[in-house]
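Numbered according to this note's numbering, the sequence shown spans residues 185 to 433. See structure below.
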Amino acid sequence: MVCGRPLARGERFLCCYCEADLPQTGYWLREMQPMAERYNAGIQRMLTTTAPQSGAGLLPEIFQYAAALFFYQDAAEYKRIPQALKYEGRRHLGRFFGRRLGEKLSGSPLFADVDLILPVPLHPWRHFRRGYNQAAVLARAVAGAYRDKSGLPCGAGCPVVREDLLRRSRATRTQTQLSSEEKRKNVAGAFRIDRRACSRLPFTPRHILVVDDVFTSGATLCAIYATLRTVFPPAVRISVATLAFVKEA
Ligand SMILES: [Zn+2]
Numbered sequence: 185m186v187c188g189r190p191l192a193r194g195e196r197f198l199c200c201y202c203e204a205d206l207p208q209t210g211y212w213l214r215e216m217q218p219m220a221e222r223y224n225a226g227i228q229r230m231l232t233t234t235a236p237q238s239g240a241g242l243l244p245e246i247f248q249y250a251a252a253l254f255f256y257q258d259a260a261e262y263k264r265i266p267q268a269l270k271y272e273g274r275r276h277l278g279r280f281f282g283r284r285l286g287e288k289l290s291g292s293p294l295f296a297d298v299d300l301i302l303p304v305p306l307h308p309w310r311h312f313r314r315g316y317n318q319a320a321v322l323a324r325a326v327a328g329a330y331r332d333k334s335g336l337p338c339g340a341g342c343p344v345v346r347e348d349l350l351r352r353s354r355a356t357r358t359q360t361q362l363s364s365e366e367k368r369k370n371v372a373g374a375f376r377i378d379r380r381a382c383s384r385l386p387f388t389p390r391h392i393l394v395v396d397d398v399f400t401s402g403a404t405l406c407a408i409y410a411t412l413r414t415v416f417p418p419a420v421r422i423s424v425a426t427l428a429f430v431k432e433a
């Protein structure tokens, strides 16, 4: 996937050299790091612009966790992994690396108590054209890792995945060419919660994990955060996990 060398027996997607050099973030073990800070800053910015003037930005929010498996733009071509997953139909990549992400998260004290996993939804039209949602592929693989670690069935000590709870209420423009301010405007109000799916949850979640492929500005995940907060009280932690993290957004 990265250097283009033929794989040896036992190697999958990465040769042993690229595997050894995979620029892992280690963020699943650290509460304060650039990704979590960008996510929480985005949340604060949103609160101060939408909350009433009095006490703006001082709402009793807990610090939300954020982690990615590897850095997006480190020297070698590791960005090929999310690109191939998203644009080339290579779902098995999502299962493989999503599983790795899930192993890190389920083994971390910060993320061990996640009980509900939500993939970032695609607009139905885009979903139809692509045939799958890459975030959902990752979310299922992450949940699989939790399940195998705990040995427990879903919902009984092991997180459940819900793909119908979050919906895109409108299609958004592709974000790659937009400034961070434009990105925020582009995704604000782009999501809604399916109340029926929400009421069918067999339990009240305490720690939600929203899964996506790449974390850049965090605008999408902050918009989702705001949407989820309309239903879940501040005591419910809303963390995010992605395959890759872009250091310079
Ligand atoms: Zn290689």
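Heads up, the beta-carbon is just placed ideally off N, CA and C, and yes, glycines get one too.
Counted as a single uninterrupted DSSP element, the stretch harbouring Ile392 is not any alpha helix (DSSP H) but the beta strand (DSSP E) occupying residues His391 to Phe399.
Under DSSP, Phe255 forms a beta bridge with Phe429. About 19 Å separates the beta carbon of Ala250 from that of Arg283, a gap too long to meet the 8 Å contact definition. Per DSSP, reduced to three states, the secondary structure at Gln318 is helical.
Note that the C-beta distance between Leu350 and Pro305 is below 7 Å.
Around Leu362, the same chain offers Asn370 as residues with beta carbons nearer than 8 Å, after the five sequence neighbours per side are excluded. Restricting attention to Tyr201, Thr358 and Gly291, the CA atom closest to the CA of Lys270 is found in Thr358.
When the beta-carbon positions are compared, Val398 and Ala374 stay at least 7 Å from each other.
Gln208 carries a strand assignment under DSSP once its states are collapsed to helix, strand and coil. Here Val321 is actually not in contact with Ile301; their C-beta atoms are around 12 Å apart, not less than 8 Å. Residue range Phe375 to Ile377 is occupied by the beta strand (DSSP E) that includes Phe375. What you get when you keep residues with a C-beta closer than 7 Å to any heavy atom of ligand 1 is Val186, Cys187, Arg189, Leu198, Cys199, Tyr201 and Cys202. Residue Cys382 holds the alpha-carbon nearest to the alpha-carbon of Asp348 among Thr360, Thr356, Gly341 and Cys382. By the 16-neighbour rule on beta-carbons within 10 angstroms, Ile246 is exposed. Here Arg352 is bridged, per DSSP, to Phe375.
Bridge pairing for Ile301: Val345 and Leu393 [DSSP]. For Lys431 against Phe255, the beta-carbon gap comes to about 6 Å, under 8 Å, which counts as contact. A straight-line Cα-Cα distance of about 26 Å links Tyr409 and Gln257. In the three-state reduction of the DSSP assignment, Ile246 falls in the coil class, being assigned neither a helical nor a strand state. For Ala192 and Tyr201, the gap between their C-alpha atoms comes out near 11 Å.
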